[in-house]
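Below: the structure, in structure tokens.
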Amino acid sequence: MSSRTEPSFRESVDLMFNRAVSLMDLPPGLEEKIRVCNATYTVRFGVRLRGAMHTFTGYRSVHSEHMEPVKGGIRYATGVNQDEVEALAALMTYKCALVEAPFGGSKGGLCIDPREYDEHELELITRRFAYELAKRDLINPSQNVPAPDMGTGEREMAWIADQYARMNTTDINAKACVTGKPLNAGGISGRVEATGRGVQYALREFFRYEEDKAAAGLSGKLEGKRIIVQGLGNVGYHAAKFLSEEDGALITGIIERDGGLYSADGLDVEAVRNWIVKHDGVAGYPDAQFVEDGALLLEEECDVLIPAALEAVINLSNAERVKAPLIIEAANGPVTAGADEILRKKGTVIIPDMYANAGGVTVSYFEWVKNLSHIRFGRMQRRQEEARHQLVIDELQRLDDVMGDTWSMSPHFKEKYLRGADELELVRSGLDDTMRVAYQSMREVWHSRDDVTDLRTAAYLVSIDKVAKSYHAKGL
Ligand code: NAD
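Numbering (numbering that gives the first Met the number 0) for the sequence shown: 0 to 475.
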């Protein structure tokens, strides 16, 4: 155990920010303007439940309004506090800038363990929280647009959207007040899995570059790589599922609240998820070794470690023993500033949170645009695209007929080529493009500057530069 003390989450984010700005040439004063959190609203409200009044504490923090609306999830967890919400809001600013989603950064949280309440109680609590935020324009399609985070999902977003709509009956854009909604309540295809999908696209992009793999001492493809995931919730489950089912990676470890599972041959992600849903934890799962102190699996041999649960899980007390050569931060802030320093010295490559989990906000951006345009993506052009493709197919068919045995169309080519893209395909394409372009912008800085030796600093440099340019454009 190190004798050094660990900075708080917000201090960690500030330390990483400071390391990056020390390499930049920003106009005097701008550095502080970008770093500080503009405002944090604390609300305490009562809800009558089970015959008594219960008081809840919630936050909504706005880090930067260089672009509006500001954007960021709402978290339900007992550990929520001002420091955490402000750190997460700051990360949102940098994340949106990095992936070019035109938003400022915000984040919200409610100190509550959602598992202690039934659905009806959660609805009452969520609606009341939403009411408190909406009446202060901290939920508003043009000013502040929340999304799901830890402990919240589609259901809560639908309640929030409905609450806002009830309070703003003439707002034609009311649906755009929150993202991550179910499809039948103004959501978009592919949002639920977007953050996990983004983690998959990020890893795929990383594995396209020999130089980057070499920096982590890795080679070859994603196929067969051993991956340990912490947290089989929304983000971790989808990332693990896609990486194992579509890329052939082996999920050798899964860490949950009550312990961890290990199997050198790879775990069946779907089966583990079903087990968790049924038994409220991983203990007792039959086809793997159970490790009671699940956090020990963070230190197990693997090729890629995906912390996808909560912050500060890799810290001064265990960083030295973490063996993974590549860590992709699916969660926000899983590596503390102190651990980051230790890992960098060891040569561990870290794909930073502000990039790695940006898939969620990217697809949220698409959802917000869809809500404002009041039309599903692809609706106007899909059949027209198919008609044009039919012309090509007809010509090829003519050729096919003339050529006899010497040439013919490949099997299934017709069906694949004919089909115009639906909303889900367009969302995936937009997400893939976003993740690839953002990765390229980071690696370009990583490899072109001698004073930048890690992807996190590169990510901060790219995003701070973009935020600074926005301020400059505003004449500040
Ligand atoms: P979630 O609530 O769906 O899942 C979290 C999972 O972690 C749960 O399965 C929970 O049981 C597990 N967990 C909790 N404490 C744990 C512990 N001590 N050890 C191991 N596992 C533990 O949350 P989520 O939406 O998947 O979010 C996870 C992380 O990803 C958070 O840091 C969040 O900020 C970040 N994130 C989420 C989104 C999103 O779209 N949901 C987007 C960007 C970032």
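Yeah, the Cβ is synthetic: ideal placement off N, Cα and C, and Gly gets one too.
In this text, all values refer to a predicted model and were calculated from it rather than measured experimentally.
Going straight from the alpha carbon of residue i to that of residue j, what length do you get?
i, j, result
"Ala76", "Gly346", "34 Å"
"Ala38", "Gly71", "14 Å"
"Ala146", "Cys301", "32 Å"
"Glu384", "Val360", "29 Å"
"Ala318", "Glu298", "8 Å"
"Ser372", "Val290", "50 Å"
"Gly293", "Leu260", "8 Å"
"Glu481", "Leu315", "The question about residue 481 has no answer, for the chain in this structure spans 0 to 475."
"Val20", "Ala458", "12 Å"
"Arg154", "Glu118", "10 Å"
"Val461", "Val444", "8 Å"
"Arg9", "Ala89", "8 Å"
"Arg381", "Thr41", "46 Å"
"Val466", "Val312", "29 Å"
"Ser11", "Leu342", "15 Å"
"Asp449", "Arg442", "13 Å"
"Glu204", "Asp148", "25 Å"
"Phe55", "Thr452", "44 Å"
"Ala164", "Gly195", "30 Å"
"Leu454", "Tyr354", "10 Å"
"Gln484", "Arg3", "This structure does not reach residue 484, given that the chain is present from 0 up to 475, and the question cannot be answered."
"Asn370", "Ile138", "15 Å"
"Glu120", "Cys110", "15 Å"
"Ile33", "Tyr208", "32 Å"
"Tyr484", "Leu132", "Shown here, the chain extends from 0 to 475; a query on residue 484 therefore has no answer."
"Leu97", "Ile326", "19 Å"
Considering just the uninterrupted stretch of the alpha helix (DSSP H) at residue i, what are its terminal residues?
i, result
"Thr433", "422-447"
"His237", "233-246"
"Ser7", "No alpha helix (DSSP H) contains Ser7, which DSSP labels as neither H nor E."
"His411", "Looking at the DSSP string, His411 is not in any alpha helix (DSSP H), and its letter there is neither H nor E."
"Arg343", "336-345"
"Ala459", "The sequence as given places Tyr at residue 459; Ala does not occur at that position. Unbroken alpha helix (DSSP H) run through Tyr459: 454-472."
"Val84", "81-97"
"Glu209", "209-214"
What does the Cβ neighbour count give for residue i, buried or exposed, with the cut at 16 atoms within 10 Å?
i, result
"Arg74", "buried"
"Met0", "The predicted position of Met0 is uncertain, since its pLDDT is 43 and thus under 50; a value taken from the coordinates is nonetheless stated next. Flag for Met0 reads exposed."
"Val69", "buried"
"Lys473", "exposed"
"Thr151", "buried"
"Asp161", "buried"
"Glu414", "exposed"
"Ser447", "exposed"
"Leu423", "exposed"
"Gly216", "exposed"
"Ala386", "exposed"
"Lys94", "buried"
"Gly78", "exposed"
"Ala51", "exposed"
"Lys240", "buried"
"Ala494", "This structure leaves residue 494 out entirely; the chain is present only between 0 and 475."
"Glu255", "buried"
"Asn273", "exposed"
"Glu328", "buried"
"His62", "buried"
"Met15", "buried"
Considering residue i, what are the terminal residues of the beta strand (DSSP E) in which it resides?
i, result
"Lys70", "69-76"
"Val498", "A question about residue 498 goes unanswered here, because the residues of the chain that appear run from 0 up to 475."
"Leu249", "249-255"
"Gly103", "103-110"
"His62", "51-63"
"Val35", "Per DSSP, Val35 belongs to no beta strand (DSSP E) and is neither H nor E."
"Leu228", "One point to set straight first is that residue 228 is Val, not Leu, in the sequence displayed. Per DSSP, Val228 belongs to the beta strand (DSSP E) from 225-229."
Inset, instruction - Could you say if the region 82-99 and the region 121-132 meet the contact criterion of at least three C-beta pairs nearer than 8 Å? - result: The answer is no - the region 121-132 does not touch the region 82-99, with fewer than three Cβ pairs under 8 Å.
Inset, instruction - Check whether the region 177-187 touches the region 276-288, counting contact only when three or more Cβ pairs, one atom from each stretch, lie closer than 8 Å. - result: no
Inset, instruction - Decide if the region 263-271 is in contact with the region 334-342; the criterion is three or more beta carbon pairs, one per stretch, under 8 Å apart. - result: Segments in contact, no.
Inset, instruction - Check whether the region 229-238 touches the region 190-210, taking contact to mean three or more Cβ pairs, one atom from each stretch, closer than 8 Å. - result: yes
Legend entry - Any alpha helix (DSSP H) of 4 or more consecutive residues that is wholly inside the region 258-334: 268-278
Inset, instruction - With a floor of 4 residues, list each alpha helix (DSSP H) that falls wholly inside the region 370-406, ordered by position along the chain. - result: 381-402
Legend entry - Cβ contact check for the region 40-57 and the region 21-29: 3 or more pairs under 8 Å: no
Legend entry - alpha helix (DSSP H) runs wholly inside the region 128-206, at least 4 long, in chain order: 153-166, 193-205
Legend entry - Given 8 Å, three or more beta-carbon pairs between the region 390-404 and the region 161-177: no
Legend entry - At least 3 beta-carbon pairs within less than 8 Å: the region 351-368 vs the region 243-250: Too few Cβ pairs lie closer than 8 Å, so no.
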